[in-house]
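In what follows, a single structure is set out as structure tokens and then discussed.
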Amino acid sequence: MQYQSTRSPQETAGSAEAILRGIAPDGGLYIAHPDGLCPNWQDLLRMDFYGMAETLLGRLLPDFGPVAMHKMVHAAYEGKFNAADVVPLREMGNAHILELFHGPTSAFKDVALSILPQFITEARKLSGQSEETLILTATSGDTGKAALEGFRDVPGTRIAVFYPRDGVSAIQKKQMATQAGNNVAVCAVEGNFDDAQTGVKKIFAACESDSLLDGTNMVLSSANSINIGRLAPQTVYYFKAYADLVKDKKIRIGDPVDFVVPTGNFGNILAGYLAKRMGLPVGRLVCASNANDVLTEFLHTGRYDRRRHFYKTLSPSMDILVSSNLERLLWLMSDGDSELVSEKMRELSEKGWYQVSPELLAEIQAVFLSGCCDDAETKGSIRNVWEKERYLCDPHTAVAWGVRGKVKADLTGKACVVLSTASPYKFAPAVLEALGENVSEDEFDCMESLNKFTGVAVPANLLGLRALPILHKDCVPKDEMLRYVLRKAGESQWNK
Ligand SMILES: *Cc1c(COP(=O)(O)O)cnc(C)c1O
768 MQYQSTRSPQ ETAGSAEAIL RGIAPDGGLY IAHPDGLCPN WQDLLRMDFY GMAETLLGRL
828 LPDFGPVAMH KMVHAAYEGK FNAADVVPLR EMGNAHILEL FHGPTSAFKD VALSILPQFI
888 TEARKLSGQS EETLILTATS GDTGKAALEG FRDVPGTRIA VFYPRDGVSA IQKKQMATQA
948 GNNVAVCAVE GNFDDAQTGV KKIFAACESD SLLDGTNMVL SSANSINIGR LAPQTVYYFK
1008 AYADLVKDKK IRIGDPVDFV VPTGNFGNIL AGYLAKRMGL PVGRLVCASN ANDVLTEFLH
1068 TGRYDRRRHF YKTLSPSMDI LVSSNLERLL WLMSDGDSEL VSEKMRELSE KGWYQVSPEL
1128 LAEIQAVFLS GCCDDAETKG SIRNVWEKER YLCDPHTAVA WGVRGKVKAD LTGKACVVLS
1188 TASPYKFAPA VLEALGENVS EDEFDCMESL NKFTGVAVPA NLLGLRALPI LHKDCVPKDE
1248 MLRYVLRKAG ESQWNK
């Protein structure tokens, strides 16, 4: 299967090469036609998570071959998630919650970032790459930790993570600042997530056009969802949820199922759309946003306008105004119209906004619904779900739960699955406050109070953070990110 840049059909790569590069040389994102890639999807429903992952990833990333894929899937997930079926589905009222946060860092990003290092290592072998792979990552909080954990001490790789200094939760910051490993760098940016993400994209462009890394024995790649190796593993749990619904006799094979997805960079929900195009009977995909409602506006009007106030919310991993993966949606929905995608992305970067045609908007709206919740509504959802269902959810999941309530009348599926993207303990102060409990200054005291109040267990990885030393204190202005990377690339060893 051949991948190509969303911005040019000439810019092609095989699946392994696309993963190694992270982003296409022309600034576009790698994509391929997913239609009917899984004609025998019914067979998947009898498999466990591992079997599904091997089959689906084998289709999406054929370069690796079945033997290597089997090894990589098991190495990535076995014993790493504290749920036997990796991504458990729970019934909740007349909907279902898909828990994606049982991995090593308690965020859904673990599902993809546990296996991405395997892909990169294998792709390096296939391509005979002898340089070190330097993974550059911008994070709104969760990607950073999950990527650091995934890549720490992986031979042949180094990873540098940039996070917005004041834009992540205290626990997220502690998770990253305490990261051990001889190949990791963590740096705060004086700016918001969009500044960090734009900064990383600019570093890629500068290194590509000016050959800045020549002589350093390093090549760049990315662990953000611009990397197709991040998106592909996220298709698996849509199939897994569907299979569970069939097994539990909630639906019959072929019935459409709706998914509500708390959305930031549009990666998670795009994976759901890929699953649909591959053959899974997905009904509606509901894009749930917080007060940063740029996607809600786009999906209602066809106008994408990033020139707006940036809100810091209780769901920081969704505080994003430029959603990278929308570029892939435009490509998929326009039947691979690279010229259109290039034009819109140019408008977005030069003018700050673009508008799609009514025809394209109608195609998008036939699949995607959308809505948003502000912080007050988010807290209301956390409280409601706790009081009615005795289920403790994190603020991102609460946004999705709230939006589900708003769009209920327009859902068409036989069942509805809400994706739960983080452990509530990552955002303990906000969750405590929503429940009307006293909030202490110290986030670990908050975890304890929340545990006492609800009886829900605290994940061991978060509990253990309190005692860890701070190892990373770097901080740069947003226009110094390139210089930081070049300096780090010149150091023969990190953290020694
Ligand atoms: C990253 C993240 C999201 C948003 O996912 P995207 O793929 O960026 O849309 C939602 N919730 C949590 C907890 C996250 O970490």
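Under my numbering, the first residue of the sequence shown is numbered 768, with each subsequent residue one higher. Where a beta carbon is used, it is the ideal one built from N, C-alpha and C, also for glycine.
Asked, Found
"Rounded Cβ spacing between Leu1199 and Cys1213 (contact assumed at less than 8 Å)", "5 Å"
"Distance cut-off 7 Å: Asn861 Cβ against heavy atoms of ligand 1", "no"
"Delimiting residues of the beta strand (DSSP E) encompassing Ala952", "Val951 to Glu957"
"CB-CB length for Leu1099 against Phe1194, believed under 8 Å", "At roughly 32 Å, the Cβ-Cβ gap does not stay under 8 Å, so Leu1099 and Phe1194 are not in contact."
"Cβ neighbours of Leu1041 in the same chain (closer than 6 Å, five flanking residues each side left out)", "Pro801 and Thr1002"
"First and last residue of the uninterrupted alpha helix (DSSP H) at Cys974", "Phe960 to Asp977"
"Per-residue DSSP class, three states only, for Ala1058", "coil"
"Sequence-distant residues of the same chain with beta carbon closer than 7 Å to Glu1144, five excluded per side", "Gly1169"
"8 Å contact criterion, which Glu1156 and Met859 should meet: CB distance rounded", "5 Å"
"Where Ser1216 falls: helix, strand or coil (DSSP)", "helix"
"Residues near Asn959 in its chain [Cβ-Cβ closer than 6 Å; skip 5 each side]", "Pro931, Gly934 and Phe1077"
"Same chain, Cβ closer than 8 Å to Leu1232, five either side skipped, listed in chain order", "Ile938, Lys941, Gln942, Thr945 and Phe1211"
"For Phe1135, the residue or residues it bridges with in DSSP", "Leu1052"
"Status (buried if at least 16 other CB within 10 Å, exposed otherwise) for Ala1055", "buried"
"Beta-carbon proximity of Pro855 to Asn1228, cut-off 8 Å", "no"
"beta-carbon Leu1060 near ligand 1 non-hydrogen atom, thresh 7 Å", "With the sequence shown as reference, residue 1060 is identified as Asp, and Leu is not the correct amino acid for it. Checking every heavy atom of ligand 1 against the Cβ of Asp1060, none is found closer than 7 Å."
"C-beta atoms of Ile902 and Thr924 nearer than 8 Å", "yes"
"Simplified DSSP assignment, three categories, for Ala1224", "coil"
"Cβ neighbour criterion (16 or more within 10 Å) applied to Ala1176", "exposed"
"C-alpha gap between Leu915 and Ala879, whole angstroms", "13 Å"
"Limits of the alpha helix (DSSP H) - the one that Gly996 falls within", "Ile995 to Gln1001"
"Per-residue burial, Pro776 [other beta carbons within 10 Å of its own, 16 or more giving buried]", "exposed"
"Given 8 Å, three or more beta-carbon pairs between the region 1247–1256 and the region 964–976", "yes"
"Nearest to Leu1088 (by Cα), restricted to the options Ala851, Asp961 and Pro922", "Asp961"
"Inter-stretch contact at 8 Å, needing at least 3 Cβ pairs: the region 1015–1023 / the region 1053–1072", "no"
"Distance, Ser1207 Cα to Leu827 Cα", "47 Å"
"Start-to-end residues for the beta strand (DSSP E) that takes in Glu1162", "The sequence given here has Pro at residue 1162, not Glu. Run containing Pro1162: none in the beta strand (DSSP E); it sits in the alpha helix (DSSP H), Pro1162 to Val1174."
"Member of Gly1069, Gly911, Met836 and Met1085 whose CA lies at the smallest distance from the CA of Asp1141", "Met1085"
"Extent of the continuous beta strand (DSSP E) run through His863", "Ala862 to Glu866"
"Reference Arg1074; option with closest CA among Thr904, Lys1118 and Phe1220", "Lys1118"
"Alpha carbon of Asn994 to alpha carbon of Ser894, nearest angstrom", "17 Å"
"Heavy atom of ligand 1 within 7 Å of Asp1212 beta-carbon", "no"
"Identity of the residue in Thr1030, Glu957, Gly1046 and Lys1017 nearest Pro1162 by Cα", "Thr1030"
"Contact test: Ser1084 Cβ vs ligand 1 heavy atom, cutoff 7 Å", "yes"
"Start and end residues, beta strand (DSSP E) containing Trp1120", "Trp1120 to Gln1122"
"Inter-stretch contact at 8 Å, needing at least 3 Cβ pairs: the region 1103–1111 / the region 802–822", "no"
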